[in-house]
Every structure is written in C-alpha cells, then in structure tokens.
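These protein sequence lines are chains V and U, in that order.
1357 is the number of the first residue of the first sequence in this note's numbering; add one for each residue after it.
1357 is the number of the first residue of the second sequence in this note's numbering; add one for each residue after it.
Beta carbons: idealized from backbone N, C-alpha and C, even for Gly.
What follows is one structure encoded as structure tokens, with my remarks underneath.
2 protein chains.
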Amino acid sequence: MYSAPSIQKLLDELERLPGIGPKSAQRMAYWILNADRATAMRLSEAIAEVKDTVHFCSRCFNYAEDDLCEICASSKRDASILCVVSEPRDIPPIERTAVFSGVYHVLGGALSPMEGIGPDDLHIADLMKRLAAEPIEEVVLATNPNVEGETTAAYLARLIKPLGIKVTRLASGLPVGGDLEFADEVTLGRSLENRQVL
Amino acid sequence: MYSAPSIQKLLDELERLPGIGPKSAQRMAYWILNADRATAMRLSEAIAEVKDTVHFCSRCFNYAEDDLCEICASSKRDASILCVVSEPRDIPPIERTAVFSGVYHVLGGALSPMEGIGPDDLHIADLMKRLAAEPIEEVVLATNPNVEGETTAAYLARLIKPLGIKVTRLASGLPVGGDLEFADEVTLGRSLENRQVL
C-alpha cells in the first residue's frame, strides 16, 4: 500500500502503542516523515534512552536511573512515613499534590484472584523487610479505590497493623470542584460515612 | 516531577506528536517503559529508519526509498494516465480503491494566497516537464475538495488544457453509504448538478 516498506514498518510499530489506531498512527508517521531529522531522532533516541537507563529502584521499586530513585536518594524526604502504591505511574500524581513528603513503596500491581495475582507476585515481602529495617511510623495505603486496590489495602492493613505501625488509607469522597448532583451513589455514600467535623 | 530525567525527556518528545496531549504521552511512555526492550527498540529504530531511507521520488515526488518510488518503478502501471495529488499521504487512499492503475504526481501542497503559497512553491514546473516528455493522455486532478484544492485544480486545468491533454477532476457528491438527510447542502447541491444518467 505504501510506496516505501520502511513507512509501513513505522506504521506497524506506532499502532502497537496504547490508544493509537491506524488513523492516529498515520498522522504520527507523516509528522515524523515531515519533521526535520534532528526532531525525529530526538524521539527515536528518547525511546532508546529510557530502555537503556531506566530500571527499578532497589529500595522502593519506583523507576530509577541510579541504584536508588531520586525520592529514595533525597535527604529531604521524611523517612518515617511510607506511601504504598500499585505502580510507579501512581507516584507523579501524588508528588504533584505537594502534600506528601514521605517515601514510597511500589507493589508492582494489586491483588487479583481473577487474574491470578497473589501476594507473592507483588513486592509485599520487600515491604515487610523495609518495615522491619527502616524507622517507619505510618504506612499510607494509596492503592486505587477499586476492587483490586481495596482488596490489596485490606490485606496489607491486616499484615502491618500487628507490627504496631499506624496504617492509613486515602480518603474517598466527592472530587473537589465536583457536583453533588452528578456524584455516583457509592462515592456520595462514602463521603457521607467519612463526613468531617467542622 | 518524574524520578528519572530520561522519562521526562521521553514525555516531552512524545507530546510533540500531532494529537498527543500530556495524558496520551504519559500512557505511551509507561507502555514503552513496561514493554520488553526488543519491542521498544523496534519503534525507536523504525523512526530512525524512515529518516535515513525515505526521501522524495525523483519523478513524482512521492515518498521513495530508491531514486524512483515503487509506483514509478513498476512496469504494471499505465503511464498514459497521471493523477495529481497535493501530498504523498493522498496516494495510499487512492491506491486502496484499486480503481486507478496510472501514475502520480505530488505537488507538495496546494495554492493558498492566504498562506503565501504560489505556483513556484509547488512541483508545477516539474509537472509541465513531465507532460511534455511522457506519453500522458489524461490528467486526473485529485487535489482536496476544499478552497485551496479547488483553486489549484482550476489553475492546473487552465495550464494543461491548451496542451490538448484530457483533464478530469474527482467527482463530488454524496458519500457511498451516507444519508441524504445528513448531507451538507454544498455536497448535496454538487451531487444534484453532477447527476448521472442511468
């Protein structure tokens, strides 16, 4: 169909990307074809570079370029409070809030009997080792507010509470700036149960 | 924000792509981070490869890997009918119809006084040279059915007709499978003007 096999190859590779169908892949391919060489090569090299330099932090399993990620390596973080998340991608949104200054632990997923993901498939043993070795006073369970995330949080709470460490969970409730009228009933119910004294 | 500068760099490069905002770039970046190395490198290399191997066909200005594009190099194409398009990207949709077996000429744009694009900015002189040198009996003007495309087609028709070469234009009308009810009035008007005897 395309008069250059290398264009077809590029289209095939672009279509593998999440959320990219044939039309978007075509738009991206023509953009790359029309871009000046330096711009296109920066994209090509940025892809190669993350595969060469990014691995998992040896302590918290966040993405890292060195042995420790930038958060674990920082002296400015409060090592007494640890936030547990499912994936490295959950860390940037929490950092953007500027409300949390502790450290993280990435589980690498969430418990899911449906998908056959059990405790041994997650970095839970590593978490327990950290709780024994580090001066952690509070664990914030920041797994997603869905079935797998809640299951994982409940499982971890049962494991950690007996160690005498404070265990907390992200609050559920109405999104700030949201409309009561359009809130789903589960969220609205949760925000009633968790109502705050003013 | 990201614990690895190379991830931020990848995000910046992905966001340059057309139709890709911060959220899509993030999804793509995490996909690349989670992909196995070989898959990610195929994408990286496919981008580099098109920049290294693809240039313009010396005859028709389509994308090509050799001196001539695959269509110009093919002995199976009818050299007596030439289809004029604005961009290389207009050729694959025409090829997919399997209705046209002639050759192409890519203008590299369309006339646009608004954007300061005149005849000298397009491959029009090259087209006239081809019409003088090649055994072309019909020119199909397949520029887009918008203001710039129509202007370009009218301009070329005035240039080519005096050479005694048949000049045709893509038909405008209702899309096949479309609804009369939802057709815009310009398209419906055009399909009435161009009505066919059955």
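Asked: In whole angstroms, give me the CA-to-CA distance for threonine 1499 of chain V and glycine 1505 of chain V.; Found: 5 angstroms
Asked: Determine the contact status of valine 1523 of chain V and valine 1495 of chain V, defining contact as a CB-CB distance below 8 angstroms.; Found: yes
Asked: Does threonine 1499 of chain U come within less than 8 angstroms of chain V when only Cβ atoms are used?; Found: no
Asked: Considering only the alpha carbon of each residue, which of U:Lys1485, U:Ile1427, U:Arg1433, U:His1461 lies closest to cysteine 1416 of chain U?; Found: U:His1461
Asked: At a Cβ threshold of 8 angstroms, is glutamate 1490 of chain U touching chain V?; Found: no
Asked: Where does proline 1469 of chain V land, buried or exposed, given buried means 16+ other C-beta within 10 angstroms?; Found: exposed
Asked: For alanine 1509 of chain U, which residues of its own chain have a beta-carbon under 7 angstroms away from its beta-carbon, when the five flanking residues on both sides are left out?; Found: Leu1497, Thr1499, Arg1525
Asked: Is the Cβ-Cβ distance between leucine 1424 of chain U and serine 1414 of chain U less than 8 angstroms?; Found: yes
Asked: With distances taken Cα to Cα, identify the nearest neighbour of isoleucine 1403 of chain U among U:Gly1474, U:Leu1370, U:Ala1466, U:Ala1360.; Found: U:Leu1370
Asked: Within its chain, find whatever has a CB closer than 6 angstroms to the CB of alanine 1420 of chain V; leave out the 5 residues flanking it on each side and keep chain order.; Found: Cys1413
Asked: Listed in chain order, which residues of the stretch 1465-1488 of chain U have Cβ atoms closer than 7 angstroms to some Cβ of chain V?; Found: none
Asked: Roughly how many whole angstroms lie between the Cα atoms of glycine 1520 of chain V and alanine 1527 of chain V?; Found: 21 angstroms
Asked: Quick one: list the residues of chain C neighbouring serine 1414 of chain U, beta-carbon separation under 8 angstroms, in chain order.; Found: In the displayed structure, chain C is absent; the protein chains listed are V and U.
Asked: Just verifying my parser: in three-state terms, what is the DSSP assignment at alanine 1420 of chain V?; Found: strand
Asked: How is cysteine 1439 of chain U classed by DSSP in three states: helix, strand or coil?; Found: strand
Asked: Just to confirm, is the Cβ distance from isoleucine 1388 of chain V to valine 1406 of chain U under 8 angstroms?; Found: yes
Asked: Which same chain residues, not among the five before or five after asparagine 1550 of chain U, have their C-beta less than 8 angstroms away from its C-beta?; Found: Ala1527, Ser1528, Gly1529
Asked: Which residue comes first and which comes last in the beta strand (DSSP E) that contains threonine 1499 of chain U?; Found: Per DSSP, threonine 1499 of chain U belongs to no beta strand (DSSP E) and is neither H nor E.
Asked: Exposed or buried, proline 1444 of chain V, counting other C-beta atoms within 10 Å across all chains shown (16 or more means buried)?; Found: buried
Asked: Given a cut-off of 8 angstroms on the beta-carbon distance, is the pair glycine 1458 of chain U and aspartate 1434 of chain U in contact?; Found: yes
Asked: For my contact list, proline 1475 of chain V and leucine 1467 of chain V are in at a C-beta cut-off of 8 angstroms; report their separation, rounded to the angstrom.; Found: 7 angstroms
Asked: Considering only residues of the stretch 1496-1547 of chain V, which uninterrupted alpha helix (DSSP H) runs meet the minimum length of 4 residues and lie entirely inside it, listed in chain order?; Found: 1503-1516
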